[in-house]
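Here the structure comes first, spelled out in structure tokens, and everything after it is commentary.
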Amino acid sequence: MVAMREFPAPIRWSAARVALAVLFPLVILPPMAGLVAVAFTGSAPTYTIAGGTLTVKSGDLLSGERAVPLADITGVEPTTLHGGRRVSGTALPGFCAGRYSYPDLGTVWQVTNCTASAVVVRADSQPFPIVLTPPDPSAFVQQVRAGEAAVVTLPPASKGIFQLLALALVPTAGVTAILLSALLLFGPRRLRYTVGDGMLEVRTMYGRKRWPIQGARATAYVPTRLWRVAGAGLPGYHSGLFRESGQSTRCYATALDHAVLFEGPARVIVTPDDREGFLKALEAEGAQVHAVTT
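7 is the number of the first residue of the sequence shown in the numbering used here; add one for each residue after it.
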């Protein structure tokens, strides 16, 4: 029995691979953090008249709040909303906050319960009218005009759908981002090819594949363009199922200009650093080793 021999893959520096390792978490994790913030933070919206100021708090991180001195208010009146379109902000069942656009009002900033019966407040200090939906619009208009102290609290937003999405997506997205970055940074270094005991074994960062060597063909090889079917096709690192030369091919490689084509129970492309030693080890285990092809 020939002793087991292990062959590492050559490590090729790739700025693109390192950049992707940094980019994946930056692209994936902040939106997931935003989803968690939307789903599990925030408080009930409030309209407060006190100390000569109308303060509107959305209770939502995306929409924020507005404080309007009563002296700056140039108009406050009931209105009926129709044809609204969200420009930016939040739209949940029973909670519509942020910038919206209406045919008769133009662009507004609003914190509402999404009903049609509303109050529109215009002020010199605000770039857009403010739209609110107190339970009694007429009474609220009188309170604002008189500067009468009042606090109106709307029901909190219904966030069930966002909470379900967060619970379903955030763990998966977080693990995916970590695994992808780890694969990009450490995958090439963990790639190993072992020859011995009649088997070729490929060990990747996340698993192993084995094929019998006896009767297989092996040759130094330069593959044509690889088309990924499943797995990782990254700069300086290929791992998984590909199409090459019109054939289904397993590829576990870092340097495609330094490859070996193994044709046995499966068609496999590998890139051992010591290609000649690898081919001799395969030959010693019963493989037919052929001349270089391009």
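Ideal Cβ placement from N, Cα and C applies to all residues, glycine included.
When we look at the beta-carbon of residue i and count the other beta-carbons within 10 Å, is it buried (16 or more) or exposed?
i           : result
residue 66  : buried
residue 109 : exposed
residue 2   : Absent from the model: residue 2. The displayed extent of the chain is 7 to 300, so no value can be given.
residue 204 : exposed
residue 37  : exposed
residue 39  : exposed
residue 46  : exposed
residue 285 : buried
residue 135 : buried
residue 48  : buried
residue 251 : exposed
Going along the chain, which residues of its own chain have a beta-carbon closer than 7 Å to the beta-carbon of residue i, five neighbours each way excluded?
i           : result
residue 151 : 82
residue 78  : 129, 130 and 131
residue 242 : 18, 20, 23, 194 and 260
residue 237 : 245, 246 and 247
residue 73  : 59 and 61
With H, G and I counted as helix, E and B as strand and the rest as coil, what does DSSP make of residue i?
i           : result
residue 264 : helix
residue 7   : In this prediction, residue 7 scores a pLDDT of 47, lower than 50, which makes its location untrustworthy; the coordinate-derived value is nonetheless stated afterwards. Of the three classes helix, strand and coil, the one that applies to residue 7 here is coil, per DSSP.
residue 222 : coil
residue 132 : coil
residue 299 : The predicted position of residue 299 is uncertain, since its pLDDT is 47 and thus under 50; a value taken from the coordinates is nonetheless stated next. In this structure, residue 299 counts as strand in the three-state DSSP scheme.
residue 67  : coil
residue 195 : helix
residue 100 : coil
residue 18  : coil
residue 178 : helix
Ends of the alpha helix (DSSP H) at residue i?
i           : result
residue 281 : 281 to 290
residue 21  : 21 to 46
Leaving out five residues on either side along the sequence, give the residues of the same chain with a beta carbon under 8 Å from the beta carbon of residue i.
i           : result
residue 50  : 65, 159, 160, 161 and 162
residue 219 : 201, 204, 205, 206, 270, 288, 291, 292 and 293
residue 41  : 168, 171, 172, 175 and 176
Residues in its own chain within less than 6 Å of residue i by CB, not counting five upstream and five downstream?
i           : result
residue 300 : With a pLDDT of 42 at residue 300, under the threshold of 50, the predicted position of this residue should be treated as unreliable, and no value is reported.
residue 101 : 163
Along the beta strand (DSSP E) that carries residue i, what are the first and last residues, could you check?
i           : result
residue 256 : 253 to 259
residue 123 : 123 to 129
residue 79  : 79 to 86
residue 75  : 71 to 75
residue 273 : 273 to 276
List the whole-angstrom C-beta distance separating residue i from residue j, where the pair is believed to meet the contact cut-off of C-beta under 8 Å.
i           : j          : result
residue 190 : residue 27 : 4 Å
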